[in-house]
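Protein sequences appear in the order of chains Y and C.
According to the working numbering, the first sequence is numbered sequentially starting from 1.
According to the working numbering, the second sequence is numbered sequentially starting from 1001.
We put the CB at the ideal spot given by N, CA and C, even for glycine.
None of these values were measured; they are calculated from a predicted model.
Here is the structure we will look at, set down as structure tokens.
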Amino acid sequence: MPVSIKDKMPQSSESMFEENIAIFVGLLRREGLPVGTTEMIDALNALARIDLANRGEFKAALRSTLVKSYRDQALFSSIFDHYFVPREEHQKRSEEAVAYHQQLKNQINRADSELQFKGESLQLTSGELQQYGSLSEQQRDRLQDFLHKTETGKNVESRFRPLLETVVRSHLRYCRTKKKSMQESSGDGAGQEAGADPGREARSLRETDIEAIRAADMPAVEQLLQKLSRKLAIKILRRRRSGPRSGTLDLRRSMRENMRFGGIIFNLKHKPKRRSKQQILLLCDVSASMKQYSVFVIHFLLGLQEVVRNLSCFSFSDNVENLTPGLKGRSDLQHILDRVIRQSKNWGGGTNLGRSLSEMTRKYPDLANAKTTVIVVSDTKTVSLDQAIKELEKFKDQVRRIIWLNPLPLEYWPDYRSVKEIGELVEMWPCSTIAQLEEVLTGRL
Amino acid sequence: MTITLDDLRKKFERVGYICDESTALTVYLALDLGKPLLIEGAPGVGKTEMGKVLAEILETELIRLQCYEGLDETKALYEWNYQRQLLRIQMNRNLEDEQIREEDLFSGDYLLERPLLKAIQAQKPAVLLIDEVDKCDPEFEAFLFEVLSDFQVSIPELGTVRARNIPVVVLTSNNERELSDGLKRRCLYLYLDFPELEKEVAILKAKVPGIADRLAWETARVVAGLRRQQDLRKKPSIAETLDWARALVALNRNRLDGKLVADTLNLFLKTHADQQYFRREIGPEGIDKMLKNPENGGEICRCQ
Ligand SMILES: Nc1ncnc2c1ncn2[C@@H]1O[C@H](COP(=O)(O)OP(=O)(O)O)[C@@H](O)[C@H]1O
Ligand SMILES: [Mg+2]
């Protein structure tokens, strides 16, 4: 017997409820969770079967119908907690918001009375007044002092007013940028205000430099990173689907074909052979200049490792190290990454790309072939660039393609000759933010 | 499948399957919505067990399809009984006069039912447990997806076979690889994590007769502490906790100490590397320290 949400609540709140769920689903989608219409219908059907007043049940019902991967569990949980605020919390937040607005109003009024010139208010916007209110006492005193001195100076006319306003305005602007840059360097970002829109926060996460992301947001970002690298691998591998199953004996067809021989099987029928698989070779730069991108490298690798069966992995700085044997098994991998990538003596050395490449191809000659797609994660900073270019050209001819992910923020690219010259040889993509990595995926890859 | 959430909770308890509210709710929803349930989680957290206890709870047959690399339709769905067919053909040759027809040979008499076919042919809705689905090839997964969408299969020689009864389907996966979106879309999803301390104690009490309260708690605490050790290759699962606890009970123990833990090491750490790690980094001293400080959040400290 199908039950619908209708049976549980009055008409108007029903549509609001469904709308709410739809908005929530929209938020999940924006985070890259593959929630389709089927899932949404399932969710609504599930909600019709539970005690909606029970927050635990409500969350579990949405989770089991909308989220189909363990990797997305944490992400789901945080979006849910942001979006479906418990009633008491909601109450608290709106009280806080009211109080906050009241405080703002007071601030503005006070600012207006303090910033006067010859008994008249300065023409400042409420934003500017508010900003004045948030200055330190000392800073406020300084501005007032300045106004007062001007006011009482000789030959002061009221036409000075616009000029004064400009001065005050630019001073406020100066204070604002200074404050902002101080906040950034101490890691005290915005987004903490009451009722923050999780969607907005998420969007900014995507655009923040991966290395500048707050610790609290790290799990979500790590998940996104792994998801994206999985997608990347799938995209690369999909180009040539492997053929049908291998050449095992096809008894059914053999039997049919040979019935006419009275049960003696003359012609054995085989199932067609599977074509050999493509492989991915990941080269991670672990030199000192890359250390700050280690989070990116590690989670990128973890994601790849989950979907690519033929994955080889090398770390390089002034020489190479084969990480492939450690890739078997998830727990082993964590191990290796911690030991090798984060703590290894390799982190810290300078990069010698040329030597690393030639050493690798010499030691592992089978690695580079026409079925190999190479993904390099490196900021291109290397010693002996000209030799590196030569080796890279050789290497490029041996493999199918080279995709170079460069975590160096885009604005620094023009400063480096290495970026330019390597970029002419390989497909180079920026990946210092999640948004950029997404672009790689939707791009011409 | 008509069963209330409350009923289901009680029955889980009765058959000794310990689970939290949201797990019971998810299972209930899967049953009530008639959707397959996909369970993911580390080895030994009770995924397979869920399939088994569901059959018990619903008082129906458990049909199990164990997946592995290379599993194909002939092992999962049906196969022709070639020996019988051959015999028939040979017998027929001796009779000389009558020409044997293809339809005779490829009829129900010569069909070997494998788990999937069995499950949709069952007289009473069965529980179909498709275990470790991440081990099968993507091609087979695609096929599985179709079976689970339509609950009908086409056998070229016989035509379409529709489900007599739609089975309760439980799929499990150890996350060895990502399953296809299509398959996941069909299912409700349940992620089983290692149990909380209280839950593991409850499992111990339900599954290990005669275990002392203190031993149950201490065992669970040590295991939980070990699972937090990032460097272990294979973290002890519920199965290992149970094995270990049973052995301890058989040894007539009702509490743990560092030496006993070290002596019974191979019951909960199964790889040589992990055992060495334990001896090197934790040792009896580490365990004793942890057991003495229950306030410490169960942290096992390294002993150097
Ligand atoms: N929630 C639980 N309640 C009771 N026993 C459990 C529970 N979870 C796991 N177990 C026990 O742990 C053992 C391993 O569980 P199993 O289902 O085989 O793990 P897996 O997740 O690898 O399929 C089983 O013998 C089962 O008895
Ligand atoms: Mg199992």
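Just to check my reading of the structure: residue i and residue j have Cβ atoms closer than 8 Å, yes? What is that Cβ distance to the nearest angstrom?
{"i": "L1005(C)", "j": "A1024(C)", "result": "7 Å"}
{"i": "L969(C)", "j": "G1046(C)", "result": "What the structure shows of chain C is the stretch from 1001 to 1304, and residue 969(C) is not part of that stretch, so it cannot be assessed."}
{"i": "L66(Y)", "j": "L28(Y)", "result": "6 Å"}
{"i": "T1060(C)", "j": "V1127(C)", "result": "6 Å"}
{"i": "T1271(C)", "j": "K1234(C)", "result": "6 Å"}
{"i": "N369(Y)", "j": "Q398(Y)", "result": "7 Å"}
{"i": "E39(Y)", "j": "I50(Y)", "result": "Actually they do not touch by this definition, with Cβ atoms about 16 Å apart."}
{"i": "L446(Y)", "j": "S418(Y)", "result": "The requested residue 446(Y) does not occur in the structure, where chain Y is confined to residues 1 to 445."}
{"i": "L147(Y)", "j": "F117(Y)", "result": "6 Å"}
{"i": "E1240(C)", "j": "L1267(C)", "result": "7 Å"}
{"i": "K68(Y)", "j": "Y1189(C)", "result": "5 Å"}
{"i": "T361(Y)", "j": "F395(Y)", "result": "7 Å"}
{"i": "I402(Y)", "j": "V376(Y)", "result": "6 Å"}
Within its chain, find whatever has a CB closer than 7 Å to the CB of residue i; leave out the 5 residues flanking it on each side and keep chain order.
{"i": "E306(Y)", "result": "R230"}
{"i": "E1040(C)", "result": "S1173, N1175 and Y1191"}
{"i": "Y1078(C)", "result": "L1111, L1112, E1113, R1114, L1117 and I1155"}
{"i": "S356(Y)", "result": "F316, N319 and V320"}
{"i": "G32(Y)", "result": "L224 and K227"}
{"i": "I1211(C)", "result": "L1204, K1205, A1245 and V1249"}
{"i": "N1165(C)", "result": "A1122, K1124 and P1125"}
{"i": "K1207(C)", "result": "G1016 and L1242"}
{"i": "S1237(C)", "result": "A1042, P1043, G1044 and V1045"}
When the Cα of residue i is compared with those of the options, which residue comes out closest?
{"i": "K1010(C)", "options": "L1058(C), L1038(C), I1238(C) and E1049(C)", "result": "L1058(C)"}
{"i": "R1186(C)", "options": "L405(Y), R30(Y), L425(Y) and A43(Y)", "result": "A43(Y)"}
{"i": "E1311(C)", "options": "G1182(C), P1125(C), A1122(C) and T1172(C)", "result": "Residue 1311(C) cannot be examined here, being either before or after the span of chain C that is shown, 1001 to 1304."}
{"i": "L1260(C)", "options": "R1162(C), E1218(C) and A1273(C)", "result": "E1218(C)"}
{"i": "L1033(C)", "options": "V25(Y), V35(Y), I23(Y) and L47(Y)", "result": "L47(Y)"}
{"i": "V1249(C)", "options": "G1051(C), R1214(C), I1063(C) and D1131(C)", "result": "R1214(C)"}
{"i": "R1014(C)", "options": "E1056(C), I1003(C) and P1043(C)", "result": "E1056(C)"}
{"i": "Q130(Y)", "options": "Q138(Y), I403(Y) and N106(Y)", "result": "N106(Y)"}
{"i": "R1101(C)", "options": "I234(Y), R256(Y), A111(Y) and G350(Y)", "result": "R256(Y)"}
{"i": "N45(Y)", "options": "T1026(C), P1195(C), D1274(C) and Y1082(C)", "result": "T1026(C)"}
{"i": "E438(Y)", "options": "S121(Y), A233(Y), S126(Y) and I23(Y)", "result": "A233(Y)"}
{"i": "T382(Y)", "options": "V376(Y), T373(Y), K371(Y) and G354(Y)", "result": "G354(Y)"}
{"i": "K127(Y)", "options": "A60(Y), M16(Y), I79(Y) and N109(Y)", "result": "First, the amino acid is wrong: residue 127(Y) is Gly here, not Lys. The shortest Cα separation from G127(Y) among A60(Y), M16(Y), I79(Y) and N109(Y) belongs to N109(Y)."}
{"i": "K390(Y)", "options": "H299(Y), V426(Y), M290(Y) and K371(Y)", "result": "V426(Y)"}
{"i": "E222(Y)", "options": "F300(Y), L282(Y), R161(Y) and G26(Y)", "result": "F300(Y)"}
{"i": "D1243(C)", "options": "D1231(C), T1264(C), Q1230(C) and R1255(C)", "result": "T1264(C)"}
{"i": "I250(Y)", "options": "I1003(C), E1049(C), Y1068(C) and E1073(C)", "result": "Checking the sequence, you will find Asp at residue 250(Y) rather than Ile. Of I1003(C), E1049(C), Y1068(C) and E1073(C), the residue nearest in Cα terms is E1073(C)."}
{"i": "W1080(C)", "options": "A388(Y), R252(Y), I236(Y) and L281(Y)", "result": "R252(Y)"}
Among residues of its own chain, excluding the 5 on either side of residue i, which ones have a beta-carbon nearer than 8 Å to its beta-carbon?
{"i": "R1177(C)", "result": "D1134"}
{"i": "L143(Y)", "result": "L115, Y132, L135, V168 and H171"}
{"i": "R203(Y)", "result": "Only weak support exists for where R203(Y) lies, its pLDDT of 47 falling under 50; the value from the coordinates is given anyway. The answer, listed in chain order, is R30."}
{"i": "K1292(C)", "result": "none"}
Give me, in chain order, the residues of the same chain whose beta-carbon lies closer than 6 Å to that of residue i; leave out the 5 immediate sequence neighbours on both sides.
{"i": "K1199(C)", "result": "I1018"}
{"i": "A220(Y)", "result": "L75"}
{"i": "W429(Y)", "result": "L405 and V440"}
{"i": "D1020(C)", "result": "none"}
{"i": "V1085(C)", "result": "Per the sequence shown, the amino acid found at residue 1085(C) is Gln instead of Val. Here the set comprises L1105 and Y1110."}
{"i": "N1092(C)", "result": "I1100"}
Would you say the beta carbon of residue i is closer than 7 Å to some non-hydrogen atom of ligand 3?
{"i": "P1236(C)", "result": "For ligand 3, the structure offers nothing, since it holds only ligand 1 and ligand 2."}
Query raised in the report: Is the stretch 427-436 of chain Y touching the stretch 355-371 of chain Y in the sense that three or more CB pairs, one from each, lie closer than 8 Å?
Result: no
Report task. Mind checking the stretch 1069-1094 of chain C against chain Y and listing, in chain order, the residues whose C-beta falls within less than 9 Å of any C-beta there? Result -> G1070, D1072, T1074, E1079, W1080, Y1082, Q1085, L1086, L1087, R1088, I1089, Q1090, N1092 and R1093
Query raised in the report: Is the number of C-beta pairs between the stretch 97-110 of chain Y and the stretch 64-75 of chain Y that are closer than 8 Å three or more?
Result: no
Query raised in the report: Going along the stretch 1194-1220 of chain C in order, which residues come within less than 7 Å of chain Y, judged by CB to CB distance?
Result: none
Report task. Quick one: which residues of the stretch 62-80 of chain Y get their C-beta closer than 8 Å to a C-beta of chain C? List them in chain order. Result -> R63, S64, T65, V67, K68, S69, Y70 and Q73
Query - Inter-stretch contact (C-beta, 8 Å, three-pair minimum) for the stretch 1152-1164 of chain C and the stretch 1102-1121 of chain C - result: yes
Report task. Determine which residues of the stretch 35-59 of chain Y have a Cβ less than 8 Å from any Cβ of chain C, and write them out in chain order. Result -> Flagged, chain order: G36, T38, E39, D42, N45, A46, R49, I50, G56, E57 and K59.
Query raised in the report: Residues in the stretch 289-307 of chain Y with C-beta within 8 Å of chain C's C-beta atoms, listed in sequence order?
Result: E306 and V307
Query raised in the report: Hey, is the stretch 308-327 of chain Y in contact with the stretch 280-293 of chain Y, meaning 3+ C-beta pairs nearer than 8 Å?
Result: Using a Cβ-Cβ distance cut-off of 8 Å, the stretch 308-327 of chain Y and the stretch 280-293 of chain Y are in contact, since at least three pairs of beta carbons, one from each stretch, lie closer than that value.
Query raised in the report: Using a Cβ cut-off of 7 Å, which residues of the stretch 1166-1178 of chain C contact any Cβ in chain Y, in chain order?
Result: N1175, R1177 and E1178
Query raised in the report: When the Cβ atoms of the stretch 1268-1278 of chain C are set against those of the stretch 1221-1241 of chain C, are three or more pairs found closer than 8 Å?
Result: Result yes; three or more Cβ-Cβ pairs closer than 8 Å.
Query - Positions along the stretch 18-32 of chain Y whose CB lies within less than 8 Å of some CB in chain C - result: none
**Report entry** Against chain C: residues of the stretch 381-405 of chain Y by CB proximity under 9 Å
**Finding:** none
Query - Positions along the stretch 1135-1153 of chain C whose CB lies within less than 8 Å of some CB in chain Y - result: Of all residues in the stretch 1135-1153 of chain C, D1137 and E1139 have a Cβ within less than 8 Å of some Cβ in chain Y.
Requested in this report: Could you run through the stretch 144-175 of chain Y and flag, in chain order, every residue whose CB is less than 7 Å away from some CB of chain C?
Outcome: none
Query raised in the report: Looking at chain Y, which residues of the stretch 1031-1056 of chain C have a Cβ within less than 8 Å of any of its Cβ atoms?
Result: D1032, L1033, K1035, L1038, E1040 and G1041
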